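One structure is given below, encoded as structure tokens.
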Amino acid sequence: MFEGHDPYLVALSVAIASLGGYTGFALAARIRNTPGASNRLLLAGAAAFLAVGIWTMHFVGMLAAPLPPDTVYLVLPTIISFLICALVVGISLFFVSIGEPSLKRVASSAVLLGVGIASMHYVGIHGLAGSFAIVHDPSMVLLSILVAVVSAYGGLRAFLAQQEGVRLIVSSIVFGVAVSGMHYTAMLGMHFEPLTGAGHHHVSGGLAASQQVLSIIVAVLCFVIAAGFLLSLVPDRRQAQVSPAADPVSPSVAPAESMAAAAPPRPVGPLGGLGQPPRAPAPRLPVESADGTHFIETATVRSVRADAHYTRVHDGTRERMCPWSISEAEAQLDPSLFLRVHRSHIVAIPHVALVRKEGDGAVLELDGPSPHRVPVSRAKIAEVKARLGLVNRRQA
Numbered sequence: 058m059f060e061g062h063d064p065y066l067v068a069l070s071v072a073i074a075s076l077g078g079y080t081g082f083a084l085a086a087r088i089r090n091t092p093g094a095s096n097r098l099l100l101a102g103a104a105a106f107l108a109v110g111i112w113t114m115h116f117v118g119m120l121a122a123p124l125p126p127d128t129v130y131l132v133l134p135t136i137i138s139f140l141i142c143a144l145v146v147g148i149s150l151f152f153v154s155i156g157e158p159s160l161k162r163v164a165s166s167a168v169l170l171g172v173g174i175a176s177m178h179y180v181g182i183h184g185l186a187g188s189f190a191i192v193h194d195p196s197m198v199l200l201s202i203l204v205a206v207v208s209a210y211g212g213l214r215a216f217l218a219q220q221e222g223v224r225l226i227v228s229s230i231v232f233g234v235a236v237s238g239m240h241y242t243a244m245l246g247m248h249f250e251p252l253t254g255a256g257h258h259h260v261s262g263g264l265a266a267s268q269q270v271l272s273i274i275v276a277v278l279c280f281v282i283a284a285g286f287l288l289s290l291v292p293d294r295r296q297a298q299v300s301p302a303a304d305p306v307s308p309s310v311a312p313a314e315s316m317a318a319a320a321p322p323r324p325v326g327p328l329g330g331l332g333q334p335p336r337a338p339a340p341r342l343p344v345e346s347a348d349g350t351h352f353i354e355t356a357t358v359r360s361v362r363a364d365a366h367y368t369r370v371h372d373g374t375r376e377r378m379c380p381w382s383i384s385e386a387e388a389q390l391d392p393s394l395f396l397r398v399h400r401s402h403i404v405a406i407p408h409v410a411l412v413r414k415e416g417d418g419a420v421l422e423l424d425g426p427s428p429h430r431v432p433v434s435r436a437k438i439a440e441v442k443a444r445l446g447l448v449n450r451r452q453a
């Protein structure tokens, strides 16, 4: 498969695809924890970095290939190949980021994305011009499309899993290898057939770029991807750094923290309903799906996240939309089991599997088949520690 290829550029192409995948998935993983218009920016950034990573990997792979010496790149097909890649990546991510991420929705998005990646590849391939004709092996074309669809499905699953840390790195490496595998599988089925001098006349009819010009463009995009990768490693402290004045659930921070540290918490009515008559906790929560409203047991709920005037309920496997607002969910849930740890987040204390400090706040990881993390505002750290039995007795 790699006969005649430059091994260093082959390795670079895989690394570029992996870096682009990491950056895109890292941005995508923050979408569900950032309510409001920022979702659009994060989704656009995730799609852009994934598209640039896939497209740049393709042309780094082309630079590594043993092409005829008179090869040039037609500018129009090259630009169209990038636009195809950006369009299908954006549509696929948008399609799985709204509504219920069912198997049918994810699979159809993966087919769209895989076919789009393959189309980008073959449009880019036919942007090559010179005294040759390009012939493809149909069986290898089908195999490359299958590899593209499978890699797209894995990438979308990584997007939905909101993975972080080592799992995100592993997913990105697998994604980079899979996308590169599609490219080199297609290259294995491609052959050049020499033409007479008359077959080269079409090059002068359109704008073309040499391999040196393409190398400069690819080098710039590689730096862009590397810069985005490094920026994605910087911790996002905006969610953790919530001031007491900005957190509506804790108007008086110091007394609440000292009381929480001094004695175990007691359920007092609804989570935020001090001064209101206590109500019986709701045994189930309503969640919306394509076929109507379902009800799930509160015992299965791991967290509730504000999403505009509604909320997203995570049951340890996936998030589903709930018609309640964050305030209504706070008032309906059992305060002995649930705690509002952030102005946009409520967690089920029995399902907390990990807690660690991050910036001025903290982060909780909740258990389940798909563990996920929730930010804790600075004002709620003491109460969270008390509920988890982590009060420092030397300070008591």
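For the sequence shown, this note's numbering assigns the number 58 to the initial residue and increments by one for each residue that follows. Heads up, the beta-carbon is just placed ideally off N, CA and C, and yes, glycines get one too. Please read these numbers as outputs of a predicted model, since none were measured by experiment.
Around the CB of Ser-159, fewer than 16 other CB atoms lie within 10 Å, so the residue is classed as exposed.
Looking at Glu-354, Arg-377 and Phe-352, the one whose alpha-carbon comes closest to that of Asp-364 is Arg-377. With respect to the 8 Å criterion, Gly-238 and Val-204 are classified as neighbours on the basis of their beta carbons.
Going by C-alpha positions, Glu-345 is about 18 Å away from Ala-356.
Ile-111 is a Cβ neighbour of Cys-142, given a cutoff of 8 Å. For the alpha helix (DSSP H) assignment, the uninterrupted runs of no fewer than 4 residues enclosed by the segment 128-185 are, from N- to C-terminal side, 132-154 and 160-182. In the structure shown, Leu-421 falls within a strand segment according to DSSP collapsed to helix, strand and coil. For Ala-122, the closest of Thr-368, Ala-388, Leu-252 and Met-244 by C-alpha to C-alpha distance is Met-244. When the five nearest sequence neighbours on each side are left out, the beta carbons in the same chain lying within less than 8 Å of the beta carbon of Ile-73 are those of Gly-110, Thr-113, Met-114, Val-117, Gly-233, Cys-279 and Ile-282, in order along the chain. DSSP places Ala-388 inside the alpha helix (DSSP H), whose first and last residues are 383-389.
Residue environment analysis places Tyr-65 among the exposed positions, since fewer than 16 neighbouring C-beta atoms fall within 10 angstroms of its C-beta. In this structure, DSSP gives Gly-246 a state outside helix and strand, which the three-state scheme calls coil. Closest in C-alpha terms to Gly-246, from the list Met-197, Leu-99, Val-153 and Leu-394, comes Met-197. Counting the other CB atoms within 10 Å of its CB gives Asp-417 a total below 16, which places it among the exposed residues. Under the criterion of beta carbons closer than 8 Å, Ser-272 and Leu-120 qualify as touching, at roughly 6 Å. Fully contained in the segment 341-368 are the following beta strand (DSSP E) runs of length 3 or more, in chain order: 341-346, 349-354 and 360-364. Secondary structure at His-371: strand, using DSSP grouped into helix, strand and coil.
Annotation: the continuous alpha helix (DSSP H) that includes Ile-438 extends over 438-445. For Ile-403, the enclosing beta strand (DSSP E) stretches over residues 402-405.
Closest in alpha carbon position to Thr-374, among Val-145, Val-420 and Arg-430, is Arg-430. Taking all protein chains in view, the Cβ of Pro-251 is surrounded by fewer than 16 other Cβ atoms within 10 Å, so the residue is classified as exposed. Membership of Leu-396 in the beta strand (DSSP E) is indicated by the continuous run 395-399. The alpha-carbon separation between Ile-353 and Leu-150 amounts to approximately 27 Å.
Ile-274 and Arg-362 have their C-alpha atoms some 42 Å from each other. It is roughly 20 Å from the alpha-carbon of Ile-137 to the alpha-carbon of Gly-102. Secondary structure at Ala-339: coil, using DSSP grouped into helix, strand and coil.
Annotation for Pro-432: the continuous beta strand (DSSP E) segment containing it runs 429-433. For Leu-99 and Val-227, the gap between their C-alpha atoms comes out near 21 Å. Taken atom to atom, the span from the alpha-carbon of Val-231 to that of Tyr-210 is near 12 Å. Where Ala-410 is concerned, the enclosing beta strand (DSSP E) starts and stops at 409-415. In this model, Phe-106 and Val-146 are separated by some 10 Å (Cα to Cα). The C-alpha of Tyr-79 lies about 25 Å from the C-alpha of Arg-369. Among the bridge pairs identified by DSSP, Met-378 is matched with Arg-369.
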